[in-house]
Amino acid sequence: SAVISQKPSRDICQRGTSLTIQCQVDSQVTMMFWYRQQPGQSLTLIATANQGSEATYESGFVIDKFPISRPNLTFSTLTVSNMSPEDSSIYLCSARQGSTDTQYFGPGTRLTVL
Amino acid sequence: DAKTTQPTSMDCAEGRAANLPCNHSTISGNEYVYWYRQIHSQGPQYIIHGLKNNETNEMASLIITEDRKSSTLILPHATLRDTAVYYCIVSPRPGGGATNKLIFGTGTLLAVQP
Numbered sequence: 044s045a046v047i048s049q050k051p052s053r054d055i056c057q058r059g060t061s062l063t064i065q066c067q068v069d070s071q072v073t074m075m076f077w078y079r080q081q082p083g084q085s086l087t088l089i090a091t092a093n094q095g096s097e098a099t100y101e102s103g104f105v106i107d108k109f110p111i112s113r114p115n116l117t118f119s120t121l122t123v124s125n126m127s128p129e130d131s132s133i134y135l136c137s138a139r140q141g142s143t144d145t146q147y148f149g150p151g152t153r154l155t156v157l
Numbered sequence: 003d004a005k006t007t008q009p010t011s012m013d014c015a016e017g018r019a020a021n022l023p024c025n026h027s028t029i030s031g032n033e034y035v036y037w038y039r040q041i042h043s044q045g046p047q048y049i050i051h052g053l054k055n056n057e058t059n060e061m062a063s064l065i066i067t068e069d070r071k072s073s074t075l076i077l078p079h080a081t082l083r084d085t086a087v088y089y090c091i092v093s094p095r096p097g098g099g100a101t102n103k104l105i106f107g108t109g110t111l112l113a114v115q116p
């Protein structure tokens, strides 16, 4: 199985600032995704991170607010821009392993915006 | 919107089998049934998936009805560590150019009681 790590594991940020979350997978994967989990809620897909091209965003999420990069097959970043308290959530990186078509999840980044 | 219906919560006695139902009456022919669980403060963990045949692995068994409109995840001997939210998801399996995405519903909170 693919092992996914995220940095930071948690952060407390001020309104109006931006935070970049890093996601590292221990093996090459075919696809990477970013999810958000608001307090007490289920997971919501933000976007699919495409290697070498712009991410594919789900309805309600835009690139200006959540820019995503994926420079290679094992690494991706999600930036939460111009943060407000409503952005306080857990952000989860996910990756699909091509050999098994199984999708794995990172431990999440717990973000609190004051 | 999620294509599955699950009970909001269930209890199970430690050591007994936990049977978690899922209704997916609108499932398409190319869609698989995936099960994940999320233990508190952790990322979702893959459990099992299947198309139409029953599946078993070291974690659980998946029973899919012949018409594929419902399924049951079975944890044969539940322990306290199995307390988690269990998500049933239907999605096409990658391949043939399909870009399937795991869309999470609200899941079932399984509480294993001592």
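For the record, the sequence lines run as chains R and G.
For the first sequence, the numbering used here gives the first residue as 44, with consecutive numbering after it.
For the second sequence, the numbering used here gives the first residue as 3, with consecutive numbering after it.
Don't be surprised by glycine CBs; every beta carbon is placed ideally from N, CA and C.
Look up residue i in the DSSP assignment and say whether it is helix, strand or coil.
i: residue 23(G); result: strand
i: residue 128(R); result: helix
i: residue 84(G); result: helix
i: residue 53(R); result: strand
i: residue 92(G); result: strand
i: residue 18(G); result: coil
i: residue 72(G); result: strand
i: residue 153(R); result: strand
i: residue 98(G); result: Confidence at residue 98(G) is low in this model, with a pLDDT of 43, below 50, so its placement is unreliable and the value that follows should be read with caution. Correct three-state label for residue 98(G): coil.
i: residue 106(R); result: coil
i: residue 65(R); result: strand
i: residue 106(G); result: coil
i: residue 58(R); result: coil
i: residue 29(G); result: coil
Could you tell me whether the Cβ of residue i comes closer than 8 Å to any Cβ of chain R?
i: residue 74(G); result: no
i: residue 39(G); result: no
i: residue 64(G); result: no
i: residue 67(G); result: no
Could you check whether the Cβ of residue i sits closer than 8 Å to any Cβ belonging to chain G?
i: residue 118(R); result: no
i: residue 91(R); result: yes
i: residue 82(R); result: no
i: residue 85(R); result: yes
i: residue 104(R); result: no
i: residue 149(R); result: yes
i: residue 121(R); result: no
The beta strand (DSSP E) spanning residue i covers which residue range?
i: residue 39(G); result: 33 to 40
i: residue 41(R); result: Because residue 41(R) is not part of the residues shown, which for chain R are 44 to 157, the question remains open.
i: residue 111(R); result: 111 to 115
i: residue 121(R); result: 118 to 123
i: residue 10(G); result: Premise fails: residue 10(G) is in no beta strand (DSSP E) and is neither H nor E.
Return the chain-ordered ranges of every beta strand (DSSP E) run that is complete within the segment 42 to 69 of chain G and spans a minimum of 3 residues.
-> 47 to 52 and 63 to 66
Taking only beta carbons into account, state which residues of the segment 40 to 57 of chain G come closer than 7 Å to chain R, listed in chain order.
-> 44, 45, 46 and 48
Listed in chain order, which residues of the segment 20 to 38 of chain G have Cβ atoms closer than 7 Å to some Cβ of chain R?
-> none
Chain G contacts from the segment 133 to 144 of chain R (Cβ-Cβ distance under 7 Å) | 135, 139 and 144
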